[in-house]
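Counting in our numbering, the sequence shown runs from 3 upward without gaps.
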Amino acid sequence: MKYCAISYAPIAPDAFYSPNAIKRIAPKLTKLNPIELTATDLLKRAHADIANMSIPGMQAKLCAKVNLKKQCFEIDPQGLFILKPQNEDYRELPENEAITMKLAETVGLDVPLNGLIFTQDNYLTYFIKRFDRLSHYKRHHIEDFAQLSLQNRDTKYASSMENVARLIATYCTFPKIEFVKLFKLTLFNFLVGNEDMHLKNFTLITVNNKVMLAPCYDLLNTSIVLNNTQEEMALPLHGKKQNLQKDDFFGYFAKGQLGLNNTIIDEVIHTFQKALATWHNLIQCSYLSIPMQKSYIALLKERCARLG
């Protein structure tokens, strides 16, 4: 059976997307054609434009818009979408990010519209809608946690999860609401093996004069991409980046640092338990290769067992 490269819904054998998923990109779209570039050309364009990009992160990426006439994405520096082509050094990053973001959606994390598109030569490229741009002329104000901490790309690991919580308490309009989001995100990153959640991957966004955590981005299972990695967290939690246990997340972080009560913690646990029942099948529906799917599921089982 084939599955939509955006929603993972079952689709016809000759299709790549469900009609509903295509309409989410643009209501007037009736199909989604491959971008009119090869994977090599797309990567070259991304590397050429990287110095001029305002988007954080070291992974090659491009801004794009939807061309309704051609029914496809095309490169546009002012576009409302971001494209991430295949990486020369790390395998299957677009496929990895697409399924990881889908898993995040199942636990109620705020996830922008995203998915996979094809190049002219049939390679997959990841796309995501920008959350900081409403149009070519209207934007939301955003600041990542490296900026808030007076850090930079070279020092983006010089912090801790406790400091992330303190920044939320300092700058967010309703920090208690954001603490629940942070707890969910921290649990999620541990479970899916995202060991690269550094300061530049946390961002605050201002919407209608309210400061809150921005929607999720750059969520990947880095553990199955990086060989022989020893760390489980980019930023230490309870003074640790590895060998994290149940009490580090629930007793120390959720209760001790974030001040969450048992009712809220139990609600989060229930949400994850319900979602986890679907993750195995979702990963098997993903566009990851079979070996990568197996590695993803194996890591997930190990992390779940550790949290009990």
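Glycine included, C-beta positions come from ideal geometry on N, C-alpha and C.
Quick one: Cα of Ala7 to Cα of Asp134, how far?
24 Å
Length-filtered (4 minimum) alpha helix (DSSP H) runs lying within the region 174-208:
177-194
Ends of the alpha helix (DSSP H) at His143?
From DSSP, His143 is part of no alpha helix (DSSP H) but of the beta strand (DSSP E) over 143-146.
Using the beta-carbon count (16 or more within 10 Å), is Gly261 buried or exposed?
exposed
Can you check whether the CB of Val270 is closer than 8 Å to the CB of Phe181?
no
Three-state class that DSSP yields for Tyr139 in the structure shown:
coil
Would you check if the distance between the CB atom of Ser225 and the CB atom of Gly258 is smaller than 8 Å?
no
If we require 3 or more residues per run, which beta strand (DSSP E) segments fall completely within the region 33-95?
64-69, 74-77, 83-86
Below 8 Å on the Cβ atoms is my contact criterion, and I expect Pro96 with Tyr128 to pass it. Report the Cβ-Cβ distance as a whole number of Å.
4 Å
Answer with buried or exposed for Ala256, where buried requires no fewer than 16 other C-beta atoms within 10 angstroms of its C-beta.
buried
Taking the alpha carbon of Ala216 as the point to measure from, which residue in Leu187, Met235, Gln244 has its own alpha carbon closest?
Leu187
Out of Leu278, Glu197, Val209, Ala160, point me to the one whose CA is closest to Gln244's CA.
Glu197
Quick check: the Cα distance between Glu99 and Leu115, rounded to an integer number of angstroms?
13 Å
Segment contact, 8 Å Cβ cut-off, at least three pairs: the region 102-117 with the region 278-285:
yes
So what's Phe311 in DSSP terms, helix, strand or just coil?
Look at the range of the chain in this structure, 3 to 310, and you will see that residue 311 is not part of it.
Buried or exposed: Leu136, going by 16 or more other Cβ atoms within 10 Å of its Cβ?
exposed
Rounded Cβ spacing between Thr40 and Asp123 (contact assumed at less than 8 Å)
5 Å
Look up Val166 in the DSSP assignment and say whether it is helix, strand or coil.
helix
Could you give the distance in angstroms between the alpha-carbon of Ile77 and the alpha-carbon of Tyr19?
21 Å
Answer yes if the region 163-181 comes into contact with the region 234-249, meaning at least three C-beta pairs across the two stretches below 8 Å, and no otherwise.
yes
If you run the structure through DSSP and keep just helix, strand and coil, what is Tyr5?
strand
Nearest candidate by alpha-carbon position, reference Lys178, set Arg47, Ile267, Ala279
Ile267
Under a three-way DSSP split, which group does Met103 fall into?
helix
Helix, strand or coil for Phe18? Go by DSSP, reduced to three states.
coil
What whole-angstrom Cβ distance do Leu82 and Lys67 have, given they're in contact under 8 Å?
6 Å
In whole angstroms, what is the alpha-carbon distance linking Tyr92 and Leu222?
12 Å
Name the one or two DSSP bridge partners that Met214 has.
Ile207
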